[in-house]
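Just so we're aligned, residue 0 is where the sequence shown starts under numbering that gives the first Met the number 0, counting upward by one. From the three backbone atoms N, C-alpha and C, an ideal C-beta is built for every residue, glycine too. This one's a predicted model, so the numbers in the text were calculated from it and none came from an experiment.
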Amino acid sequence: MQVEHLALLPPCSHHCWIDSCGLFQGDKIIRTYEINVDKAPAFSPLQATTSSRPAWGVARVPKRACALTSCEVARLLVVEQGNVIEPISYTVPRRDAVNQFQADLYPDSRTSTPALTAADWASRRDAAPLLGAVVPAASGTAGAALHGAIDVANTSWNAGGGWASAAPPPTAILTPDIDAPATQAAPIKFELSEKAKKLGSIQGNKFKYITGKTMARSESFLNVPSSDAALLVANATHWATAIVGTGGPVLVHPLGSPGKVDHGGIVINCHKLPVTDLEFHPFRPQLLATASDDCSIQLSDYTNPNERVVASLSGHDKGIRCVAFHPSANNVLASGAMDCTIRLWDVGAQTARQVIQKFDDAPWNVSFNFDGTLLATISRDKVLRVIDPRANRTAAMACAHDGAKAQKVLWCAQHLSSSTLVTVGFTARSERQVFLWDARNLLDPVCQTTLDTSGSALLPFYDESANVIYLVSRGDRTVMTYEIDAAAGTVAPCAPFAFTGAPIAGAALLPKQSCNVRDVEVAKFLLLTKATIEPVTLSVPRADKLKPFFQDDIYGVVRTYSTGVSPDAWFRGHDRAPSTESLNRSGMPLLSAREQDVVVAVPNVIEFQAQKDREDHARAVRDQQIQRLHALAAQPTLHHQGAAVHPDDDDDDDDDGWDD
């Protein structure tokens, strides 16, 4: 499907709105740029905006039709999927907008008066468009300037006998007055938790206005020779990516050494064919598991140069596509391969303890639940399965996405009883989708969300501390965030982060312990591009007076991976819940325990009168100071009371200091 970019440039502004949409279905992200040709770079990206549905087209409302008294600088009308037109407003926050029109936001714009007639233009005359001031119209006359009568002269092509003769005369299309009250919509109800009510939340979507920030260039990793596989993983101390070279080389580099990766990196090459997947050992962070097309899995100790390979796992008949460590059992690894099997390995014994052969096609990925008693997988035959790995039994299965492209599944678990699954995939028309499932009943998805139209597969990342999923796709420049509400069965979209660097080739989510809770950071990413790895932070905006408190409404407990059950104990049926800890390690006071501020409602009239009195008082003080200065200037002798005045001094100085 052909995709085009629509650029809307208001003639009187220095902003440019760019909307990417498809022929039938399109993107949901509208990117905004500020243009300043006097400096470099001329294009400065601003905060991106998302529409409710995939966009088909976009149009810009004339500047004079905007709410000028509310500092609305632009309004877009987006034609969306389902024959819906959604207005999107862009406003500049100004405190004085209530009392004074902000004329600096509205330079002169084109008027509806033509500068030339058709005959003048046909005679090769040129003229610049007529410009006029953009000022707010009086109440009830906002549409008067926009709906003036247009006289259409009769010519030979619209006279009788032509197509125009059969058409009715043009009629004026009246738009509603901007100042007219809007029709009251049906009330929307939100069920909030007790903690959310205590914090004074208006809506349950706490991450709706999440913001992203690319770290400084000095924090980036440069000259990364990444391969076409675009694999990137990270733990608390290192990151690893597949690089170009013979066999399956992997570069491991410390997080604390940004800059060029020529120095300080460790190259591991223990495969005969390219690496297809990577995973750090959760309980032994110095070990890295690498899967390859040579049908083997190698566990390497990148801290030991004398003995890199710690364990070698062989048994698959075809290339391996995915690996995943068990969340609570030490040295238990699951792998899926092109031989349509999933194997559970005892890494210490280097043997396969379980072989699951229930697939008609190869699995895309494997995801364990909170304590590892169940695993979920999606295979190339578009079937979602929930499997008991030790019993080698399918607990539930369902048809997933209709598209033939790559699909992924994540077990979104915050506790032992969690049964929420999230899958990402495509429709038959290449529309990217996100499904929310209940693993106890896979008959139908609990929630279905269509994102946009694109051929790039989504890479999902789950933050179980915040119950949020992040979506990144190769070749894109956007990190999408969705908040999961399993109780309500919804996947709420949040503000996307528009990455300003090169197109993203891969991504890795750093452990939650690396976030700075005092700055309300909720996630840290490493974004892999063609030759660099850029660190990015995502945070939730909170008032400065709330930052001294620990935001316990968005920070849940996180895993520690301190201890785990042995492989023998786990395969015999012993389970252990993962150990967790709080991110409030410095003893910050809880936000939920903070006393609520008592807000006294003040009528707008009283507040306006008080502000006017303050301005009048400041003006009176300034006038008194100016009058005092004038009085001093009129009495120069007051400044020289001890000096005598000589009338003849002026005459003596007439010729002094001048050359003949």
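Considered as a whole, the stretch 505 to 533 harbours 505 to 508 and 520 to 527 as its complete beta strand (DSSP E) runs of no fewer than 3 residues, in chain order.
The beta-bridge partner set that DSSP reports for Arg575 is empty. Proximity to Thr480 across Thr489, Leu470, Ala486 and Gly488 peaks at Leu470, based on C-alpha coordinates. If you check the CB distance, Ala522 and Arg473 do not come in under 8 angstroms. Tyr461 has Ile468 as its beta-bridge partners, per DSSP.
Counting only runs of at least 3 residues, the stretch 210 to 286 fully encloses the following beta strand (DSSP E) elements, listed from N- to C-terminal order: 210 to 213, 231 to 233, 237 to 241, 249 to 253, 265 to 267 and 274 to 279.
Residue environment: Cys321 is assigned as buried (16 or more neighbouring CB atoms within 10 Å of its CB, all protein chains considered). Secondary structure of Ser69 (DSSP, three-state): helix. Burial check for Gln297: the Cβ neighbour count within 10 Å reaches 16 or more, so the residue is buried. DSSP, read as helix, strand or coil, puts Arg473 in coil. CA-to-CA, the gap between Ile87 and Glu306 works out to about 60 angstroms. Within the DSSP secondary-structure output, Ala395 pairs in a beta bridge with Val385. Cys339 and Gln353 have their C-alpha atoms roughly 14 angstroms apart. Counting along the chain, the unbroken beta strand (DSSP E) around Ile319 starts and ends at Ile319 to Phe324. Per DSSP, reduced to three states, the secondary structure at Phe496 is strand. Looking at the backbone, the Cα of Ala229 and that of Thr528 are separated by about 9 angstroms. The secondary-structure analysis by DSSP pairs Arg342 across a beta bridge with Ser334 and Val354. Take the alpha-carbon of Gln626 and the one of Ala66: they are about 42 angstroms apart.
The way I'd put it, the stretch 550 to 558 doesn't touch the stretch 435 to 446; fewer than three beta-carbon pairs between them come closer than 8 angstroms. Counting only the Cα atoms, Gly314 lies some 16 angstroms from Pro362. Val365 carries a strand assignment under DSSP once its states are collapsed to helix, strand and coil. In this structure Tyr560 is in contact with Phe282, their Cβ atoms being roughly 5 angstroms apart against a cut-off of 8 angstroms.
Among the bridge pairs identified by DSSP, Cys446 is matched with Leu435. Less than 8 angstroms separates the beta-carbon of Leu525 from that of Leu509. In this structure, the beta-carbon distance from Leu104 to Val72 falls below 8 angstroms.
Taking a 10 Å sphere around the C-beta of Arg584, we find fewer than 16 other C-beta atoms and assign the residue as exposed.
In the DSSP assignment, the residues bridged to Leu130 are Arg109. DSSP places Arg618 in the helix class (H, G or I) of the three-state scheme. Close CB contacts of Thr110 within its chain, under the 6 angstroms cut and outside five residues either way in sequence, are with Leu129 and Gly131 (chain order). As a beta-bridge residue in DSSP terms, Phe425 pairs with Arg431.
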